[in-house]
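Engineer: Below are the C-alpha cells for one structure; questions will follow.
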Amino acid sequence: MSEDLQARHAAVQEAISKRPPFVSGTLDVPDSDLKLYFGEVDDAYCLNFARATEEQLAKLTAACDPATFGVKKEDVLDESYRKAGKLDTDKFASLLKVAEYGLIDTVRDELLLEGADSTKQIACELYKLNVYGKDSFFKSHKDTPRSERMFGSLVIVLPTPHEGGALVLREDGHEWVFDYAAEIANSTKIAYVAFFGDIEHEVLTVASGHRVTLTYNLYFDAAPTAERSDSKVVPRSVADADAPFREALQKLLQDPALLPKGGYLAFGLRFMYPCNQGMKLQRLRHHLKGADAMVARVCKEFGLRGKLMVTYPGDDEFESKDVHIIMDAPFGDCYLTEDDSFQDLLLRNGGKRICAMGSDAGEDFIGGCTEALWVVPLSQFNEVKEAHGARTFSQLHSQLNRTVD
Numbered sequence: 008m009s010e011d012l013q014a015r016h017a018a019v020q021e022a023i024s025k026r027p028p029f030v031s032g033t034l035d036v037p038d039s040d041l042k043l044y045f046g047e048v049d050d051a052y053c054l055n056f057a058r059a060t061e062e063q064l065a066k067l068t069a070a071c072d073p074a075t076f077g078v079k080k081e082d083v084l085d086e087s088y089r090k091a092g093k094l095d096t097d098k099f100a101s102l103l104k105v106a107e108y109g110l111i112d113t114v115r116d117e118l119l120l121e122g123a124d125s126t127k128q129i130a131c132e133l134y135k136l137n138v139y140g141k142d143s144f145f146k147s148h149k150d151t152p153r154s155e156r157m158f159g160s161l162v163i164v165l166p167t168p169h170e171g172g173a174l175v176l177r178e179d180g181h182e183w184v185f186d187y188a189a190e191i192a193n194s195t196k197i198a199y200v201a202f203f204g205d206i207e208h209e210v211l212t213v214a215s216g217h218r219v220t221l222t223y224n225l226y227f228d229a230a231p232t233a234e235r236s237d238s239k240v241v242p243r244s245v246a247d248a249d250a251p252f253r254e255a256l257q258k259l260l261q262d263p264a265l266l267p268k269g270g271y272l273a274f275g276l277r278f279m280y281p282c283n284q285g286m287k288l289q290r291l292r293h294h295l296k297g298a299d300a301m302v303a304r305v306c307k308e309f310g311l312r313g314k315l316m317v318t319y320p321g322d323d324e325f326e327s328k329d330v331h332i333i334m335d336a337p338f339g340d341c342y343l344t345e346d347d348s349f350q351d352l353l354l355r356n357g358g359k360r361i362c363a364m365g366s367d368a369g370e371d372f373i374g375g376c377t378e379a380l381w382v383v384p385l386s387q388f389n390e391v392k393e394a395h396g397a398r399t400f401s402q403l404h405s406q407l408n409r410t411v412d
C-alpha cells in the first residue's frame with residue numbers, strides 16, 4: 008500500500024472513530040414537572056427537585072434499596088463495585104415528560120442517524136431512580152443488549168446540589184466527562200446524556216450532597232412515524248456531523264491505488280448487536296448505531312452497495328488474519344466428515360473467500376480470492392460461537408462491494 012493510500016485510509020479511520028457515541032445537554036422544564044412521589048400508601052411523600060431540602064433528600068435516600076448491577080443476566084449486589092440507592096418504578100412516580108421536551112427526537116436525530124431509523128418511533132421506558140449520596144460510585148462497566156430492539160440508555164440528572172459524581176464514557180481510547188452539578192443545582196434545569204448500551208461508563212465518587220438520576224431504556228418501537236420528505240431525512244446538524252467521514256471517504260475512493268482489480272471495502276462493526284444462528288442478518292441494517300449507521304448511509308450516498316455479512320476464518324488452521332470467508336448469515340451447526348473441511352463446506356454453500364488487499368495469501372487457494380481493504384478492522388463485539396467438527400467462529404461485519412475501474 009502506497010504512503011498516500013495509507014494516509015487516506017488512516018484519515019477515514021480517524022473520521023469514524025472521532026464520532027461521539029452519545030448526545031448530551033441541559034434543558035429547562037416546568038417547575039411542576041420536577042415533582043416526585045414515593046413511599047408506601049400509608050407513608051407517601053412528595054418533593055420538588057428544584058428546591059429539595061437536605062431532609063427531603065435524606066428521606067428519599069432512606070426509601071431506597073441498595074442498587075444492584077447485572078452480571079450474566081443476574082442482579083448482583085456488591086458495594087465495592089457499586090454503592091448507590093435505587094427505587095424500582097413501582098415505588099415512585101415522576102412527572103417528567105421526556106417525550107414532550109423533544110428529547111426523543113434529539114436522540115433519534117443526533118445519536119441514531121441511520122436513514123431508516125428516522126422514520127421510526129423510539130420507545131423510552133423508565134427503568135430506575137438512583138440516589139448517589141456522599142462516597143457513592145459505580146465503577147467502570149458495560150451494559151449488554153437486553154433485546155434486539157433495545158439500543159441504549161437515557162440518563163436524566165436532576166437539579167439536586169452535589170459535588171462529584173460525574174458520568175464518564177469511554178470508547179477506543181477516548182474519554183468524555185459529564186458534570187452538570189454546578190450548572191443545574193437548585194434550578195428548573197435537568198441534564199441528560201443518551202448513549203449506546205455497550206459503551207463503557209462509570210459514575211465517579213460523590214464528594215458531597217445527593218446525585219439523583221432517572222434512567223430510561225431506549226428501544227426501537229415497531230410503529231413507524233409519518234414519512235419525512237427526502238430533504239428532511241437527515242437533520243442539518245446530523246449532516247454536518249457526517250462531513251469529516253464523507254470527505255475522507257471520497258478522497259480514499261479517488262485514489263487509483265485502491266483495489267485496482269476491484270474488490271471489497273470492509274468495515275468491522277464498532278458496536279454490539281444481538282446476533283444468533285438462523286437470524287435474518289439484513290434486518291439489523293435498520294438497527295445500526297452511531298458510526299456504523301454513518302458508514303452505511305454515506306457509502307450509499309456514493310453509490311456503494313452495502314451488505315451485512317458474517318466472517319469466518321478462511322484457512323484450515325485458523326492462523327491467517329489475511330484470509331476470511333464471508334456469508335450472508337451465520338451458517339449454524341453441521342456435521343463434517345474426515346475428508347471435508349468447514350471452509351470447503353462454507354464455499355459450497357455460497358461463501359466467498361476474501362483476502363486482505365496487497366496480501367499474497369490468496370495464491371494458496373484454488374480459484375484465488377477477492378481482495379478487500381479492511382477500512383475498519385474486525386472486532387470481537389459480535390462474535391458467535393458455533394459447534395462443528397472444527398473450531399470456528401463467526402464475526403458480524405459490514406462489507407461493501409466496490410469495483411474500481
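When we follow this note's numbering, the leftmost residue of the sequence shown carries the number 8, and every step to the right adds one.
A virtual CB, placed ideally from N, CA and C, is assigned to each residue, including glycine.
If you're wondering where the values come from, they're calculated on a predicted model, not measured in any experiment.
Quick one: measure Cβ to Cβ for F45 and L94, integer angstroms, because I've assumed they're closer than 8 angstroms.
Structural biologist: For the purposes of this step, residue 45 is taken as the residue at position 38 of the sequence shown. For the purposes of this step, residue 94 is taken as the residue at position 87 of the sequence shown. With 8 angstroms as the limit, F45 and L94 qualify as a contact, their Cβ atoms being about 6 angstroms apart.
Engineer: Nearer than 7 angstroms: is that true of the beta carbon of S160 relative to any heavy atom of the ligand SAH?
Structural biologist: In terms of ligand content, the structure shown is empty, and the ligand SAH therefore cannot be addressed.
Engineer: Tell me the rounded alpha-carbon separation between T318 and I332.
Structural biologist: For the purposes of this step, residue 318 is taken as residue 311 along the sequence shown, with counting starting at 1. For the purposes of this step, residue 332 is taken as residue 325 along the sequence shown, with counting starting at 1. When rounded, the distance between both Cα atoms is 6 angstroms.
Engineer: Please report how far the alpha carbon of E121 lies from the alpha carbon of L176, in whole angstroms.
Structural biologist: The residue labelled residue 121 in the question sits at position 114 within the sequence shown. The residue labelled residue 176 in the question sits at position 169 within the sequence shown. Residue confidence is low: E121 scores 45 on pLDDT, short of 50, so the model does not pin down where it sits. Its coordinate-derived value is still stated next. Each residue's alpha carbon lies about 22 angstroms from the other.
Engineer: Can the beta-carbon of E178 be found less than 8 angstroms from the beta-carbon of A214?
Structural biologist: Translated into the one-based positions of the sequence shown, residue 178 becomes position 171. Translated into the one-based positions of the sequence shown, residue 214 becomes position 207. In this structure, A214 does not lie closer than 8 angstroms to E178 by Cβ.
Engineer: Going by CA-CA distance only, name the one from G140, D142, I111 that's closest to C131.
Structural biologist: Locating residue 131 in the sequence shown gives position 124, counting from the first residue. The option with the nearest alpha carbon to C131 is I111.
Engineer: Starting from L12, trace the alpha helix (DSSP H) in both directions and tell me its first and last residue.
Structural biologist: The residue labelled residue 12 in the question sits at position 5 within the sequence shown. It spans 10 to 24 - the alpha helix (DSSP H) in which L12 sits, taken as one unbroken run.
Engineer: Assign I333 to one of three DSSP states: helix, strand, or coil.
Structural biologist: Mapped onto the sequence shown, residue 333 falls at position 326. DSSP, reduced to helix, strand and coil, places I333 within a strand of the structure shown.
Engineer: CB-CB under 6 angstroms to K135, same chain, minus the five flanking residues each way: which ones, in chain order?
Structural biologist: Numbered from 1 along the sequence shown, position 128 holds the residue referred to as residue 135. Result list for K135: K93, T222, in chain order.
Engineer: Considering M301, what are the terminal residues of the alpha helix (DSSP H) in which it resides?
Structural biologist: Residue numbering aside, residue 301 sits at position 294 when the sequence shown is read from its first letter. Start and end: 297 to 308.
Engineer: Helix, strand or coil for E121? Go by DSSP, reduced to three states.
Structural biologist: For the purposes of this step, residue 121 is taken as residue 114 along the sequence shown, with counting starting at 1. Note on E121: pLDDT 45, under 50, position unreliable in the model; the coordinate value appears next. Residue state, collapsed to three classes: coil.
Engineer: May I ask which residues mark the beginning and end of the beta strand (DSSP E) holding V162?
Structural biologist: Residue mapping note: residue 162 aligns to position 155 of the sequence shown, counting from 1. From DSSP, the beta strand (DSSP E) with V162 extends over 157 to 164.
Engineer: Select from H181, E21, G297, G270 the residue whose C-alpha is nearest the C-alpha of F278.
Structural biologist: By 1-based counting over the sequence shown, the position of residue 278 is 271. Distance check between F278 and each of H181, E21, G297, G270 places G297 closest, using alpha-carbon atoms only.
Engineer: By alpha-carbon positions, which one of H16, H293, F338 ends up nearest to K314?
Structural biologist: For the purposes of this step, residue 314 is identified with residue 307 of the sequence shown, where counting begins at 1. Measuring from the Cα of K314, the nearest candidate turns out to be H293.
Engineer: To which residues does DSSP link C53 through a beta bridge?
Structural biologist: The residue you call residue 53 lines up with position 46 of the sequence shown. Paired residues: Y44.
Engineer: Going straight from the alpha carbon of F252 to that of R26, what length do you get?
Structural biologist: Here residue 252 refers to the residue found at position 245 when the sequence shown is read from its first residue. Here residue 26 refers to the residue found at position 19 when the sequence shown is read from its first residue. Whole-angstrom Cα-Cα distance: 9 angstroms.
Engineer: Where does the unbroken beta strand (DSSP E) through L64 begin, and where does it stop?
Structural biologist: Stepping through the sequence shown from its first residue, residue 64 is reached at position 57. Unbroken run through L64 is the alpha helix (DSSP H), 61 to 70; no beta strand (DSSP E).
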